[in-house]
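Asker: One structure coming up, written as structure tokens, with questions to follow.
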Amino acid sequence: MTSKSVSTSLFERDILLQAVLDSFAKLTPRQQWKNPVMFVVYLGSLLTTVLWLQALTGQSEEPAGFILHVTLWLWFTVLFANFAEAVAEGRSKAQAAFLRSAKRDITAKKLDEARYGSNYSKVPGSSLRKGDVVLIEAGDFVPGDGEVIEGVASVDESAITGESAPVIRESGGDFSSVTGGTRVLSDWLVVRISVNPGETFLDRMISMVESAKRQKTPNEIALTILLVALTLVFLFATVTLLPFSLYSVSSSGSGQPISITVLVALLVCLIPTTIGGLLSAIGVAGIGRMMQKNVVATSGRAVEAAGDVDVLLLDKTGTITLGNRQASTFIPARGVSPDQLADAAQLASLADETPEGRSIVVLAKQKFGIRERDVRSLGATFVHFSAQTRMSGVNLAGRQIRKGAADSIKQFVAEQGGQFPDDIQKSVTDVARRGSTPLVVADGAKALGVIELKDIVKGGIKERFMELRQMGIKTIMITGDNRLTAAAIAAEAGVDDFLAEATPEAKLSLIRQHQADGRLVAMTGDGTNDAPALAQADVAVAMNSGTQAAKEAGNMVDLDSNPTKLIEIVETGKQMLMTRGALTTFSIANDVAKYFAIIPAAFATTYPALNVLNVMGLATPASAILSAVIFNALIIIALIPLALTGIRYKPVGAEKLLQNNLLVYGLGGLIVPFIGIKLIDMLLLTLNLV
-11 MTSKSVSTSL
-1 FERDILLQAV
9 LDSFAKLTPR
19 QQWKNPVMFV
29 VYLGSLLTTV
39 LWLQALTGQS
49 EEPAGFILHV
59 TLWLWFTVLF
69 ANFAEAVAEG
79 RSKAQAAFLR
89 SAKRDITAKK
99 LDEARYGSNY
109 SKVPGSSLRK
119 GDVVLIEAGD
129 FVPGDGEVIE
139 GVASVDESAI
149 TGESAPVIRE
159 SGGDFSSVTG
169 GTRVLSDWLV
179 VRISVNPGET
189 FLDRMISMVE
199 SAKRQKTPNE
209 IALTILLVAL
219 TLVFLFATVT
229 LLPFSLYSVS
239 SSGSGQPISI
249 TVLVALLVCL
259 IPTTIGGLLS
269 AIGVAGIGRM
279 MQKNVVATSG
289 RAVEAAGDVD
299 VLLLDKTGTI
309 TLGNRQASTF
319 IPARGVSPDQ
329 LADAAQLASL
339 ADETPEGRSI
349 VVLAKQKFGI
359 RERDVRSLGA
369 TFVHFSAQTR
379 MSGVNLAGRQ
389 IRKGAADSIK
399 QFVAEQGGQF
409 PDDIQKSVTD
419 VARRGSTPLV
429 VADGAKALGV
439 IELKDIVKGG
449 IKERFMELRQ
459 MGIKTIMITG
469 DNRLTAAAIA
479 AEAGVDDFLA
489 EATPEAKLSL
499 IRQHQADGRL
509 VAMTGDGTND
519 APALAQADVA
529 VAMNSGTQAA
539 KEAGNMVDLD
549 SNPTKLIEIV
559 ETGKQMLMTR
569 GALTTFSIAN
579 DVAKYFAIIP
589 AAFATTYPAL
599 NVLNVMGLAT
609 PASAILSAVI
619 FNALIIIALI
629 PLALTGIRYK
639 PVGAEKLLQN
649 NLLVYGLGGL
659 IVPFIGIKLI
669 DMLLLTLNLV
């Protein structure tokens, strides 16, 4: 597969340059208000700017140079937070620009709604509305999202998926959906437009990855409320320090009261500015990482929910197994020769274009030398497979040969006046227990035997499920196979549970059952019959190759149409939550070091005894305050790569994850500021800036 190439490197020159410009453009009150924590820093920066201008006139409690240094670094703190968000947005905009390049001004061939003939009128694609019918011929671009109602054609979807190989789109199946901006390569299609302008799949993709339209997720909102609460606590505490300082100086008759500049510096250093400045960037980057995996989330809530999922519903075919079942053995009934069974099985499969059908023809040829017959000379009438009959076959010269599921063939034999032999039933059971799929062959009222179809479990899938189990995620395999076959495959693959003979109603019931137990459920689907379950699931990944109904019911779309991608989606969601948690822990922990730097410096002249808290041995009160403010700004810029790329994902349980979080980011958040502030203090002293 060839994935689409979008340059989203952290060090992409164009993205960084635009991010610098956007950092200044975001310095408006309307933009800053969106982030309450950084809005407090923004107000503090304005206040110290006024104090510096006042100091230039000689009316100030602090030297103008000191106030200027504090003011500049407070503005840098705001700019660095803006820069973090702007870089994340720049990466998303690069992805959006790539998607927007797939949009083009297309001329559509609109057909008369009453009857679809060869007459059409050419209209701009942007004028099409939901329900309009268009003709798309070879070489034409699809003017809008829709459902194929007539025809079959190969379609180039590389503009959307990055996959160079064309796909087949046809009416009446699970591959009837077409996307605006793709191109028909052969034949023709009649398509009914399913959306209005501005609501197409491509439009929704672009609006989602453009972070300006990103809605905050519930966890992000909850964390923001917590950060605001902490900020208010520190704000009220800081405000009370000024009258307390004035009273202390008045009572003792010595020292100087704390200045407003120092109070602002103290407030900015104690509130959780680190996570406050990076929170939005983490959310934007999470959606961006989904896009890099060719997954489009239609809401930020879906990305976040992916990290909290604890039940995965996975289709067997194509996800757990390779999905290309091959005929491996002919098992004849008592009194039937193997070549007689092989001959009938090949006749029933001549018109079967599925991989299973073709493998039966090949196996009969390889084992018994039975060559393919001339279909026309046989005068055969083929019976194609349907979901209702669950069998296919051929009628010729008074014979009715069928192959299909055991229960369907059993019913067919009974309708023809025959009996289903016990030895065939035993063979069916044995094949199913081995994890293979049994197909029974019958010639009229006589059951001839069983064909064993083997489906191979993907390599490494058992280890992936073990990792998910360590994370507390339950895996459930969904299959249309009977319970014996499903149980064998489930045991071999290592899934926790399975749903056999799955119907749309059974899938929906299973999801509701787990949700009633307080669990979050994720699943994939591509057909219209999957739509109810997709709409019910907390994380619903629709395949881009599937129907429009499936894509509208899901909250994510996999452009690669790879069912295994669900596991990667869950890992990406967890990585986003782990990153947010780690940086929150670090942000709160590093306030402790800044407390030891600023509090002694702020009250050293009033209470000399507080110098005992100057454990870092900082040179002067001014140096201590300025060092803490500089570190507070620089740590934001230093953590931008971590916020955008995410912390390394490890499949561990919640308890172990918490331990690692506290050890690495909690302890690190305590130690790093002590080292950083001391080094900055030494540098300021060396450069004689304080």
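In this text, residue positions in the sequence shown follow our numbering: the first is -11, and each later residue adds one. For every residue, glycine included, the Cβ atom is placed at its ideal position computed from N, Cα and C. Bear in mind the structure is a predicted one, so any value in this text is a computation, not a measurement.
Starting from LYS391, follow its DSSP beta bridges and name the residues at the other end.
Answerer: Residue 391 sits at position 403 when you count from the first residue of the sequence shown. DSSP output for LYS391 lists SER380 and VAL429 as bridge partner(s).
Asker: Taking its Cβ as the centre, do 16 or more other Cβ atoms sit within 10 Å of PHE224, making it buried, or is it exposed?
Answerer: By 1-based counting over the sequence shown, the position of residue 224 is 236. Exposed: under 16 other Cβ atoms inside 10 Å.
Asker: Looking at chain C, is there any beta carbon in it that lies within less than 9 Å of the beta carbon of ARG390?
Answerer: Here there is only one protein chain, and chain C is not present.
Asker: Identify, in the order they occur along the chain, each residue of the same chain with its Cβ nearer than 6 Å to the Cβ of MET544, setting aside the five sequence neighbours on each side.
Answerer: If you number the sequence shown from 1, residue 544 lands on position 556. Answer for MET544: VAL283, ALA285, ALA290 and VAL529, listed in chain order.
Asker: How would you call ALA570, buried or exposed, if buried means at least 16 neighbouring beta carbons within 10 angstroms?
Answerer: Sequence index remark: in the sequence shown, residue 570 carries index 582 (1-based). So ALA570 ends up on the buried side.
Asker: Taking C-beta to C-beta, are THR317 and GLU455 nearer than 9 Å?
Answerer: Against the sequence shown, residue 317 aligns to sequence position 329. Against the sequence shown, residue 455 aligns to sequence position 467. Contact: no.
Asker: For PRO588, count the other beta carbons within 10 Å of its own beta carbon; 16 or more makes it buried, fewer makes it exposed. Which is it?
Answerer: Start at 1 with the first residue of the sequence shown, and residue 588 comes out as number 600. Looking at its Cβ environment, which holds 16 or more other Cβ atoms inside 10 Å, PRO588 is buried.
Asker: Any chance the CB of PHE71 is under 8 Å from a heavy atom of the ligand GTP?
Answerer: Although the ligand GTP was asked about, the structure shown includes no ligands whatsoever.
Asker: When the Cα of ILE263 is compared with those of ILE248, ALA616 and PHE574, which residue comes out closest?
Answerer: For the purposes of this step, residue 263 is identified with residue 275 of the sequence shown, where counting begins at 1. Cα-wise, what sits closest to ILE263 is PHE574.
Asker: Would you be able to state if there are at least three C-beta pairs under 8 Å between the region 658 to 670 and the region 295 to 302?
Answerer: no
Asker: Kindly list the residues whose CB is nearer than 8 Å to the CB of LEU508, restricted to its own chain and excluding five residues on each side of it in sequence; keep chain order.
Answerer: Here residue 508 refers to the residue found at position 520 when the sequence shown is read from its first residue. Excluding residues within five positions, the ones whose Cβ falls inside 8 Å are ALA293, ASP296, VAL297, ASP298, VAL299, ASP526 and VAL527.
Asker: Can you list, in chain order, the residues of its chain whose CB lies under 6 Å from that of SER238, leaving out five sequence neighbours each side?
Answerer: Against the sequence shown, residue 238 aligns to sequence position 250. Excluding residues within five positions, none has a Cβ falling inside 6 Å.
Asker: Taking the beta strand (DSSP E) that ASP410 falls in, what are its first and last residues?
Answerer: In the sequence shown, the residue the question calls residue 410 occupies position 422. First-last for ASP410: 410 to 421, but that is the alpha helix (DSSP H), not the beta strand (DSSP E).
Asker: Figure out for me which residue from GLY46, LEU41, SER268 and THR45 has the closest Cα to the Cα of LEU56.
Answerer: Taking the first residue of the sequence shown as 1, we reach residue 56 at position 68. It is LEU41 whose Cα lies nearest to the Cα of LEU56.
Asker: Taking the alpha carbon of GLN376 as the reference point, which residue from SER424, TYR108 and PHE400 has its own alpha carbon closest?
Answerer: The residue labelled residue 376 in the question sits at position 388 within the sequence shown. It is PHE400.
Asker: Could you spell out where the alpha helix (DSSP H) holding LYS450 opens and where it closes?
Answerer: What you label residue 450 is simply residue 462 of the sequence shown in a count that begins at 1. Run containing LYS450: 449 to 458, per the alpha helix (DSSP H) assignment.
Asker: By alpha-carbon positions, which one of ALA394, ALA74, LYS462 and ARG422 ends up nearest to PRO409?
Answerer: For this step, residue 409 is matched to residue 421 along the sequence shown. In terms of CA proximity to PRO409, ALA394 leads the group ALA394, ALA74, LYS462 and ARG422.
Asker: Which stretch, first to last residue, makes up the beta strand (DSSP E) that contains VAL600?
Answerer: The residue you call residue 600 lines up with position 612 of the sequence shown. Premise fails: VAL600 is in no beta strand (DSSP E) and is neither H nor E.
Asker: Quick check on this structure: which residue in LYS398, ASN470 and ILE466 has the alpha carbon closest to the alpha carbon of ARG421?
Answerer: Locating residue 421 in the sequence shown gives position 433, counting from the first residue. Measuring from the Cα of ARG421, the nearest candidate turns out to be ASN470.
Asker: Tell me, to the nearest whole angstrom, how far the beta carbon of ILE389 is from that of ALA321; I am working on the premise that it is less than 8 Å.
Answerer: In the sequence shown, residue 389 corresponds to position 401, counting from 1. In the sequence shown, residue 321 corresponds to position 333, counting from 1. Contact doesn't hold; Cβ gap of about 14 Å is too wide.
Asker: Quickly, what does DSSP pair TYR108 with across the bridge? List them, please.
Answerer: To locate residue 108, count along the sequence shown from 1; it is residue 120. Answer is LEU99, bridged to TYR108.
Asker: Output the distance between the C-alpha atoms of GLU451 and THR95, rounded to the nearest integer angstrom.
Answerer: Counting from one through the sequence shown, the residue named residue 451 turns up at place 463. Counting from one through the sequence shown, the residue named residue 95 turns up at place 107. A straight-line Cα-Cα distance of about 51 Å links GLU451 and THR95.
Asker: How far does the alpha helix (DSSP H) with ILE124 in it extend, from its first residue to its last?
Answerer: Position 136 of the sequence shown, counted from the start, is the residue given in the question as residue 124. Element bounds for ILE124: not the alpha helix (DSSP H) but the beta strand (DSSP E), 121 to 125.
Asker: Note down the Cα distance separating PRO326 from LEU351, rounded to an integer number of angstroms.
Answerer: Counted from its first residue, the sequence shown places residue 326 at position 338. Counted from its first residue, the sequence shown places residue 351 at position 363. Each residue's alpha carbon lies about 12 Å from the other.
Asker: Indicate the three-state DSSP secondary structure (helix, strand or coil) for THR608 in the structure shown.
Answerer: Stepping through the sequence shown from its first residue, residue 608 is reached at position 620. Three-state DSSP puts THR608 in coil, outside helix and strand.
Asker: Go through its chain and collect everything with a Cβ distance to LEU672's Cβ below 7 Å, but skip five positions before and after it.
Answerer: In the sequence shown, counting from the first residue as 1, residue 672 sits at position 684. Cβ within range, chain order: SER611, LEU614, SER615 and VAL678.
Asker: Give the DSSP-derived three-state secondary structure of ALA321 in the structure shown.
Answerer: Taking the sequence shown and counting its residues from 1, one reaches residue 321 at position 333. Here ALA321 sits in coil by DSSP.
Asker: Quick one: what's got a C-beta closer than 6 Å to TRP61's C-beta in the same chain, skipping five residues either side?
Answerer: Here residue 61 is taken as the residue at index 73 of the sequence shown, counted from 1. Counting only residues of its own chain and dropping the five nearest sequence neighbours on each side, TRP61 has a CB closer than 6 Å to the CB of VAL617, ILE618 and ALA621.
Asker: With a threshold of 16 other CB atoms inside 10 Å of the CB of VAL324, please say whether the residue is buried or exposed.
Answerer: By one-based count along the sequence shown, residue 324 stands at place 336. Classification of VAL324: buried, given that the 10 Å Cβ count is 16 or more.
Asker: Is VAL349 helix, strand or coil when you go by DSSP?
Answerer: Residue mapping note: residue 349 aligns to position 361 of the sequence shown, counting from 1. Residue state, collapsed to three classes: helix.
Asker: Express the C-alpha separation of ALA74 and LEU5 in angstroms, rounding to a whole number.
Answerer: What you label residue 5 is simply residue 17 of the sequence shown in a count that begins at 1. What you label residue 74 is simply residue 86 of the sequence shown in a count that begins at 1. Those two C-alpha atoms are separated by around 10 Å.
Asker: Taking the alpha carbon of THR467 as the point to measure from, which residue in ILE449, ALA210 and LYS495 has its own alpha carbon closest?
Answerer: One-based indexing of the sequence shown puts residue 467 at position 479. Of the listed residues, the one whose Cα sits closest to THR467 is LYS495.
Asker: Cα separation between ILE154 and ARG180?
Answerer: Against the sequence shown, residue 154 aligns to sequence position 166. Against the sequence shown, residue 180 aligns to sequence position 192. At residue 154 the sequence reads Pro, which differs from the Ile that was named. For PRO154 and ARG180, the gap between their C-alpha atoms comes out near 21 Å.
Asker: How about ALA336 and GLY381: are their beta carbons less than 9 Å apart?
Answerer: By one-based count along the sequence shown, residue 336 stands at place 348. By one-based count along the sequence shown, residue 381 stands at place 393. Cβ distance < 9 Å, so ALA336 and GLY381 count as in contact.
Asker: Out of ALA368, PRO596, LYS355 and PRO426, state which residue places its alpha-carbon closest to the alpha-carbon of ARG378.
Answerer: On the sequence shown, position 390 is the one that residue 378 refers to. Of all alpha-carbon atoms in ALA368, PRO596, LYS355 and PRO426, the one lying nearest the alpha-carbon of ARG378 is that of PRO426.
Asker: Classify ALA490: buried if its beta carbon has 16 or more other beta carbons within 10 angstroms, exposed otherwise.
Answerer: Along the sequence shown, one-based indexing puts residue 490 at 502. With 16 or more Cβ atoms within 10 Å of its Cβ, ALA490 is classed as buried.
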